[in-house]
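Enquirer: Protein sequences appear in the order of chains A and B. Here the first sequence is numbered in my numbering, starting from 1 and rising by one per residue. Here the second sequence is numbered in my numbering, starting from 1001 and rising by one per residue. From the three backbone atoms N, C-alpha and C, an ideal C-beta is built for every residue, glycine too.
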Amino acid sequence: MTSSVSHKGGPGLCPGLPLSLLMVLLFPFAVAAASMGPSVSIPATDAVILQMEESGQAAPAQAVMSAEDLVNQVRIHIEHSRATGSPRPLGLAQGLLERLPQAQWTGDVYLMRATVLQRLHRFDEAEADLNRVLQQQPDNAQAWLTRYSIALVRDDLETADRACQYLRQYRPGLLAESCTQEVASYAEQPEQAVSKLSRALGTASGAHPVERDYALVTLAVMASRLHLPEAGTYWQQSLLQDPDDLYRRARYADWLLDQRDPETVVKITQGYEPIDTLAVLRAIALKRTGHPDANVLSEDLEQRFAEARWRGEFLHQWEYARFMLDVKNEPDAAFIAARENWKTQRAAPDRELLIRAAAAAGQPSGLNVSSDDEDML
Amino acid sequence: MSKILIAVLFSLLLAGGAQAHKASDSFLYWDDTHEDAPGRLDIALVDLARVIALDGDNDGQLLWSELVNQRGSIIGYLASRVQIMSGDLACTTSWRLAGLSRHSDGNYLVVEFRPDCFDTARAPSDLSYNLFFDEDPMHRALVMTRTEGGDRLTVLGPDQQNLAFMDTPSLWQTAGEFIWEGMVHLWIGYDHMLFLLALLLPAAVRRERGQWVVENDLTKAVKDVALIVTAFTAAHSVTLVIATLGVVRLPIEWVETFIALSIVAVAINIIWPFLGTRRYLVGFGFGLIHGFGFASVLSDFLVGTSSLLVALASFNLGVELAQLAVVVGVVPVIFLLRNQWVYQQVILPVGVVAIIATGSFWVWERVPL
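(1) Since Ala1141 (chain B) sits in a beta bridge, which residues does DSSP pair it with?
(2) Between the C-alpha atoms of Ala1295 (chain B) and Gly1276 (chain B), what's the straight-line distance to the nearest angstrom?
(3) In this structure, what does DSSP give as the bridge partners for Arg1040 (chain B)?
(4) Going by the DSSP bridge assignment, what does Gly1099 (chain B) pair with across the sheet?
(5) Assuming Gly1318 (chain B) and Leu1199 (chain B) are in contact, meaning their beta carbons sit under 8 Å apart, how far apart are those beta carbons, in whole angstroms?
(6) How far does the beta strand (DSSP E) with Gln1061 (chain B) in it extend, from its first residue to its last?
(7) For Val1214 (chain B), which of helix, strand or coil comes out of DSSP?
(8) Can you give the Cα-Cα distance for Asn341 (chain A) and Arg88 (chain A), rounded to whole angstroms?
(9) How would you label Tyr272 (chain A), buried or exposed, when you count the other beta carbons within 10 angstroms and need 16 or more for buried?
(10) Using beta carbons (cut-off 9 Å, strictly below), is Gln1160 (chain B) in contact with chain A?
(11) Which residues in chain A sit within 8 Å of Gln1061 (chain B), going by Cβ to Cβ distance?
(12) Using only the alpha-carbon positions, how far apart do Thr180 (chain A) and Gln241 (chain A) sit?
(13) What are the boundary residues of the beta strand (DSSP E) that includes Ser1086 (chain B)?
(14) Compare the C-beta of Leu1153 (chain B) with all C-beta atoms of chain A and state if any pair is closer than 9 Å.
(15) Counting only beta-carbon separations shorter than 9 Å, does Gly1099 (chain B) have a partner in chain A?
(16) Please check if any C-beta of chain A sits within less than 9 Å of the C-beta of His1139 (chain B).
(17) Starting from Leu90 (chain A), find everything on chain B with Cβ-Cβ shorter than 8 Å and list it in chain order.
(18) Look up Ala1164 (chain B) in the DSSP assignment and give the residues it is bridged to.
(19) Could you tell me whether the stretch 86-103 of chain A touches the stretch 121-129 of chain A, using the rule of 3 or more Cβ pairs below 8 Å?
(20) What in chain B is Cβ-close to Glu307 (chain A), meaning under 8 Å?
(21) Can you name the residues of chain A whose CB is closer than 7 Å to the CB of Leu1067 (chain B)?
(22) From what residue to what residue does the alpha helix (DSSP H) around Gln136 (chain A) run?
(23) Taking the beta strand (DSSP E) that Ala1090 (chain B) falls in, what are its first and last residues?
(24) By how many angstroms is the C-alpha of Ser86 (chain A) removed from the C-alpha of His80 (chain A)?
(25) Buried or exposed: which applies to Ala361 (chain A), given that a residue is buried once 16 or more other Cβ atoms fall within 10 Å of its Cβ?
(26) Is the Cβ-Cβ distance between Ala204 (chain A) and Leu239 (chain A) less than 9 Å?
(27) How far does the alpha helix (DSSP H) with Ala160 (chain A) in it reach, from first residue to last?
(28) Show which residues of chain B have a CB atom less than 8 Å away from the CB atom of Asp300 (chain A).
(29) Taking 8 Å as the threshold, find out whether the stretch 143-153 of chain A comes into contact with the stretch 110-119 of chain A through three or more Cβ pairs.
(30) Tell me Asp276 (chain A)'s beta-bridge partners as DSSP assigns them.
(31) Does Asp1134 (chain B) have its Cβ less than 9 Å from a Cβ in chain A?
(32) Between the Cα of Thr1154 (chain B) and the Cα atoms of B:Asp1025, B:Leu1312, B:Leu1194, B:Pro1202, which residue gives the shortest distance?
(33) Taking Cβ positions only, does Gly41 (chain A) come closer than 9 Å to chain B?
(34) Would Gly1359 (chain B) and Ile1263 (chain B) be called neighbours here (beta carbons separated by less than 9 Å)?
(35) Please list, in chain order, the chain A residues whose beta carbon lies closer than 9 Å to that of Leu1045 (chain B).
(36) For Thr106 (chain A), return the contacting residues in chain B, with the cut-off set at a CB-CB distance below 7 Å.
Next comes the structure, spelled out in structure tokens:
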């Protein structure tokens, strides 16, 4: 998590007095700091201003890297981004990828770039890279799974189904069963698909832990979408299995809000304020519980969204729409953002948010998301 | 395989996404009215720590004192990658660490800067920004420029590294503006007009050996005028250029006084040609001092202009165009009137006296003694 300024030394050190004198000597113009931007302060000399691990290490600028080393480095950045929820390491990953001469690009390099692009919601470019991977390695299960996930987020069941069949062909097992049942859950008798996957998970004790974990999260996702009561148990179990995973924490919190349990949300989102998704869900929970910190977090989020809009590449439409709808009570703005989000992201949470925002904003056209998308957009 | 799977699986599952904070941004503020430090740059410590070894004792915790110790490296890095230009010229920029600020994703180092071209005639026109792009093509500088009309927001990235401080006028706009200023200055700066008039009057009726001589050869008259105007133009162009470029600088009070004196001298020369009859030489000689006068006016307009040469050439062109208009307006009239009694006996003598009187008054008014 992001550190604020903290003191390394004990309170008895009282570093303030000689320091201010030092600062006047070192920074004679500090008072004249431009009035624009956040306020400027001069920390104490022994103040810890950054935990170095947050920075991550970029490879030396001129280092020549093999494709294999590069894939490993990029993977570290992707993992760092996943663990912290920060897109910053994805930029470093892109910087690394740009360094590799085109002639040295392997299927794995393309796969890494597809993953980076996917996380940045640049799905078309990610798809193009996946095509390259699959041309070279038609049996690359990882690439099929990536294609499956993108298709599902884009609500393209046909492509998802096809990718899942290839996955089943090249890597049969619990992973393939997960996607098969998930696709089936969009058809008739969705609850049957849930119980089938649940049974498969129960009997596949020899499966790789990652596959078991994937099956559990898929179950939670399916049960949430179908509003089944066991969704809570699945989320709880999956969070216990990997408490550091931000995605399942956010989805669980969202589910709890839906179940009118903001108190638990306040608990499980504590300390996760730097993550926008969790911060928005927390802000909703704080508001619903009448928590005294509600306004502080809300103001902080407003600053974050303002900075994101200033930057122009706005990845946080879902979070922003949620914030405007459930914290700020501005359904019109929420509807606009939810509609923008829907252009690229069409999974269940995106659909539900759009329907709610449309209803709140009195936009009946927005309610027909499943029947006629194009008209609405 | 499974390692990669772990890395990728759940990032792909993301539907609404657990996106956190933001990608790498710097914040760049520019406020002209803040003369002490018009620029402020907020750089994320996480970004800075990647390119400069800040953690002196390598204990994984960065202290403020450790950062201050690296002040030289930080400023060196910034100075090499953030350039402020005034047109084609690079401005030397002074940087200073101002402290820390907090943005939505953590602590930022605040650096204030002031380009040395800030208070000279040439205002900073552009800033080029190239921090962190090598390592992170997603890095952006979010720029806020404060102007009278309000705050303007822009974004700099690897494909757009240049910030124009003002809406820099195009070369054509600059040229048009300075041509107009040159013309206006000749017309409303009566001293140059009067001088030119005094030089032109004898083209139709001149004094030779105590006699008024009427010029009846139109071709000769036109040639005479053309020669005088060309000589005057050539002379003041030379001094306008060398004065504007700062090669030679003369005290403006004396320049102005001398211009007034030149008017008196040329007017007296009509009746009593003590300077000789080759008036183009007179025009050239005095033209040199008039150029310094033009230069002092031009320098007032140059503040905020980055295209100096275009401005200079256009201003001069404007002066010439205005001169030409005067010639075209005056010469046919005096040529048509040259044989009239009223012109020879009233208009010319009264005009000459009026010019001498005005010129003398200006000399008295301007002389810095």
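Expert: Considering the structure as presented:
(1) Here residue 1141 (chain B) refers to the residue found at position 141 of the second sequence. Ala1141 (chain B) is bridged to B:Ser1026, B:Leu1156.
(2) Looking up residue 1295 (chain B) in the second sequence gives position 295. Looking up residue 1276 (chain B) in the second sequence gives position 276. The alpha-carbon atoms of Ala1295 (chain B) and Gly1276 (chain B) are separated by roughly 28 Å.
(3) In the second sequence, residue 1040 (chain B) corresponds to position 40, counting from 1. DSSP output for Arg1040 (chain B) lists B:Tyr1029, B:Glu1112 as bridge partner(s).
(4) Reading the second sequence from its first residue, position 99 is the one you call residue 1099 (chain B). Answer is B:Val1110, bridged to Gly1099 (chain B).
(5) Within the second sequence, residue 1318 (chain B) is the residue found at index 318, counting from 1. Within the second sequence, residue 1199 (chain B) is the residue found at index 199, counting from 1. That belief does not hold up - the Cβ atoms of Gly1318 (chain B) and Leu1199 (chain B) are roughly 20 Å apart, past 8 Å.
(6) Looking up residue 1061 (chain B) in the second sequence gives position 61. Start and end: 1061-1063.
(7) Locating residue 1214 (chain B) in the second sequence gives position 214, where the first residue counts as 1. Residue state, collapsed to three classes: strand.
(8) For the purposes of this step, residue 341 (chain A) is taken as residue 341 along the first sequence, with counting starting at 1. For the purposes of this step, residue 88 (chain A) is taken as residue 88 along the first sequence, with counting starting at 1. The straight-line gap from Cα to Cα measures roughly 21 Å.
(9) Start at 1 with the first residue of the first sequence, and residue 272 (chain A) comes out as number 272. Classification of Tyr272 (chain A): buried, given that the 10 Å Cβ count is 16 or more.
(10) Mapped onto the second sequence, residue 1160 (chain B) falls at position 160. Cβ-Cβ to chain A under 9 Å: no for Gln1160 (chain B).
(11) Counting from 1 along the second sequence, the entry for residue 1061 (chain B) is found at position 61. Correct list: Lys8, Val48, Leu50, Gln51, Met52.
(12) Counting from 1 along the first sequence, the entry for residue 180 (chain A) is found at position 180. Counting from 1 along the first sequence, the entry for residue 241 (chain A) is found at position 241. So the alpha carbons of these two residues sit roughly 23 Å apart.
(13) Residue numbering aside, residue 1086 (chain B) sits at position 86 when the second sequence is read from its first letter. 1082-1086 is the span of the beta strand (DSSP E), which, as asked, contains Ser1086 (chain B).
(14) In the second sequence, residue 1153 (chain B) corresponds to position 153, counting from 1. Chain A contact via Cβ: present.
(15) If you number the second sequence from 1, residue 1099 (chain B) lands on position 99. Chain A contact via Cβ: present.
(16) Start at 1 with the first residue of the second sequence, and residue 1139 (chain B) comes out as number 139. Yes, its Cβ sits closer than 9 Å to a Cβ of chain A.
(17) For the purposes of this step, residue 90 (chain A) is taken as the residue at position 90 of the first sequence. Within 8 Å Cβ-Cβ: Ala1023, Met1138.
(18) By one-based count along the second sequence, residue 1164 (chain B) stands at place 164. Its beta-bridge partners are B:Asp1126.
(19) no
(20) Numbered from its first residue, the first sequence carries residue 307 (chain A) at position 307. Result: Lys1022, Asp1025, His1103, Ser1104, Leu1142.
(21) The sequence position of residue 1067 (chain B) within the second sequence is 67, counting from 1. Those are Ile49, listed as they occur along chain A.
(22) Start at 1 with the first residue of the first sequence, and residue 136 (chain A) comes out as number 136. Where Gln136 (chain A) is concerned, the enclosing alpha helix (DSSP H) stretches over 123-136.
(23) As a position in the second sequence, residue 1090 (chain B) is number 90, starting the count at 1. It spans 1089-1091 - the beta strand (DSSP E) in which Ala1090 (chain B) sits, taken as one unbroken run.
(24) Taking the first sequence and counting its residues from 1, the one referred to as residue 80 (chain A) is at position 80. Taking the first sequence and counting its residues from 1, the one referred to as residue 86 (chain A) is at position 86. Taking the straight line from one Cα to the other gives about 8 Å.
(25) What you label residue 361 (chain A) is simply residue 361 of the first sequence in a count that begins at 1. Buried, by the Cβ-count rule.
(26) Here residue 204 (chain A) is taken as the residue at index 204 of the first sequence, counted from 1. Here residue 239 (chain A) is taken as the residue at index 239 of the first sequence, counted from 1. Not a contact, by the Cβ cut-off of 9 Å.
(27) Taking the first sequence and counting its residues from 1, one reaches residue 160 (chain A) at position 160. Start and end: 157-170.
(28) On the first sequence, position 300 is the one that residue 300 (chain A) refers to. The answer, in chain order, is Ser1104.
(29) yes
(30) Position 276 of the first sequence, counting from 1, holds the residue named residue 276 (chain A). Note: Asp276 (chain A) sits in no beta bridge, so no partner.
(31) Counted from its first residue, the second sequence places residue 1134 (chain B) at position 134. Closer than 9 Å to some Cβ of chain A, the Cβ of Asp1134 (chain B) qualifies, so yes.
(32) Numbered from 1 along the second sequence, position 154 holds the residue referred to as residue 1154 (chain B). Looking at the Cα atoms, B:Asp1025 is the closest of the given residues.
(33) For the purposes of this step, residue 41 (chain A) is taken as residue 41 along the first sequence, with counting starting at 1. According to the sequence provided, residue 41 (chain A) is Ser. The question's Gly does not apply to it. With 9 Å as the cut-off, Ser41 (chain A) counts as an interface residue toward chain B.
(34) For the purposes of this step, residue 1359 (chain B) is taken as the residue at position 359 of the second sequence. For the purposes of this step, residue 1263 (chain B) is taken as the residue at position 263 of the second sequence. Yes, these two residues count as a Cβ contact at 9 Å.
(35) Reading the second sequence from its first residue, position 45 is the one you call residue 1045 (chain B). Chain A residues near Leu1045 (chain B): Ile49, Leu50, Glu54, Ser55.
(36) What you label residue 106 (chain A) is simply residue 106 of the first sequence in a count that begins at 1. Within 7 Å Cβ-Cβ: nothing; Thr106 (chain A) doesn't reach chain B, min ~13 Å.
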